[in-house]
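The structure under discussion appears below in the form of structure tokens.
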Amino acid sequence: MNKILTVFFCMLGLAVACIPAYANPINKKITLSCNVSGTDVISGDVTTMTLCAPSTPPCTAETFDCLSTLTAPISCDTSSGTISMTVSCDAPWKVGGFSAQIDASSSLGTGGKDIPPSPLGGKGYSVTFSTSPGSANDTVTFTIK
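Counting in our numbering, the sequence shown runs from 53 upward without gaps.
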């Protein structure tokens, strides 16, 4: 009997260890980070953030506007000390995709990233972009998990 219990608990432990650590299918964490070198000032804002129910192609079914549920914008600004901001967005259904618009500016220029409707896998999505071609070290990173 002890051998059977030992084997059972070993198999249970192995099964738990093999479960992938994917993000919550309904609750999504959205992070915007400003990365600056030297004394430059950089700021970034998420101007639109839409979560979508699973569909093919992405975002052709139900959509949910995350920004409408937040009390403050998703932003970062090195001049104010807000280097990174993470917010939580709860969709009313399992999230299968998203779209977003991120704007950024620094003393060397402006930039932005328009993320068209895209599928959102279990491990999330991340993109980093610079504010202009002359400021490759000044970047904004957008992540959704």
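C-beta: ideal position from N, C-alpha, C; glycine also.
Nothing here was measured: the structure is a model prediction, and the numbers come from that model.
Throw me the rounded Cβ distance for the residue 179 and residue 84 pair, which I believe falls under 8 Å. By a beta-carbon distance limit of 8 Å, residue 179 does not contact residue 84. Their separation comes to about 11 Å.
Measure the CB-CB distance between residue 146 and residue 78 and report whether it falls below 9 Å. Yes. Within cutoff.
My assumption, with CB atoms under 8 Å, is that residue 134 sits in contact with residue 82. Please give the rounded CB distance. So it is not a contact: roughly 15 Å between Cβ atoms.
Whose CA, out of 182, 181 and 172, lies closest to the CA of residue 197? Ranking 182, 181 and 172 by Cα distance to residue 197 puts 172 first.
Per DSSP, cross-strand counterpart(s) of residue 128: Per DSSP, 96.
Apart from the five residues just before and just after residue 177, which ones in its own chain have a Cβ nearer than 6 Å to its Cβ? Excluding residues up to 5 positions away in sequence, 196 lie with their Cβ nearer than 6 Å to the Cβ of residue 177 in the same chain.
With H, G and I counted as helix, E and B as strand and the rest as coil, what does DSSP make of residue 103? In this structure, DSSP gives residue 103 an extended state, which the three-state scheme calls strand.
For residue 89, the three-state DSSP class (helix, strand or coil): Coil, per DSSP.
When the distance is taken between beta carbons, is residue 169 closer than 9 Å to residue 104? Yes, these two residues count as a Cβ contact at 9 Å.
Taking Cβ to Cβ, would you say residue 150 is nearer than 9 Å to residue 102? Against a cut-off of 9 Å, the Cβ pair of residue 102 and residue 150 comes out as a contact.
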